[in-house]
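Student: Okay, here's the structure, questions in a sec.
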């Protein structure tokens, strides 16, 4: 049996545990993205972040800063709201994977040495959200229920 587009995008097997994970992870990602995009919270903005990314070989730096910052900021906001949680979590997970292997891996595990433990933690959390979905108290849940009540799940097999 094929799933509808709405079921694929908005369904979850997560409950309240997803909410407990979404809120802090979403806040952290959005804040880090705001540092890169807007220079908020002591960040360097697109220009400074882009120069740094170019200096470590991620070129063009400005574009990479925009992509990483957008993935973190908008992905974090989406996780906070529980909106398109699985795609937002996958994009965020990919961003953490890039951070691990392009910035942190040579420094070992511990964050005190600029290691990858923090990025690995965010990778694990975002992968868990990508697998289980937004859970309760999410826009995904509200949207899915709306489609189910309307009898229109945007069938993909029609």
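Numbering (this note's numbering), first residue to last: 25 to 182.
Ideal Cβ positions, reconstructed from N, Cα and C, are used throughout, including at glycine.
Keep in mind it's a predicted model, so treat the numbers as computed, not measured.
Please report the distance separating the alpha-carbon of residue 133 from that of residue 148.
Tutor: For residue 133 and residue 148, the distance between alpha carbons rounds to 14 Å.
Student: For residue 127 and residue 80, which I take to be in contact (beta-carbon distance under 8 Å), what is that distance rounded to the nearest angstrom?
Tutor: That belief holds up - the Cβ atoms of residue 127 and residue 80 are roughly 7 Å apart, short of 8 Å.
Student: Tell me whether residue 173 is buried or exposed, calling it buried when 16 or more other Cβ atoms sit within 10 Å of its Cβ.
Tutor: Exposed is the call here.
Student: Taking the continuous alpha helix (DSSP H) assigned at residue 68, which residues delimit it?
Tutor: First-last for residue 68: undefined, no H or E at that position.
Student: Restricting to Cα atoms, I'd like to know which of 97, 129 and 38 is closest to residue 69.
Tutor: Selected option, being the one with the closest Cα: 97.
Student: Would DSSP call residue 84 helix, strand or coil?
Tutor: DSSP places residue 84 in coil when its eight states are reduced to three.
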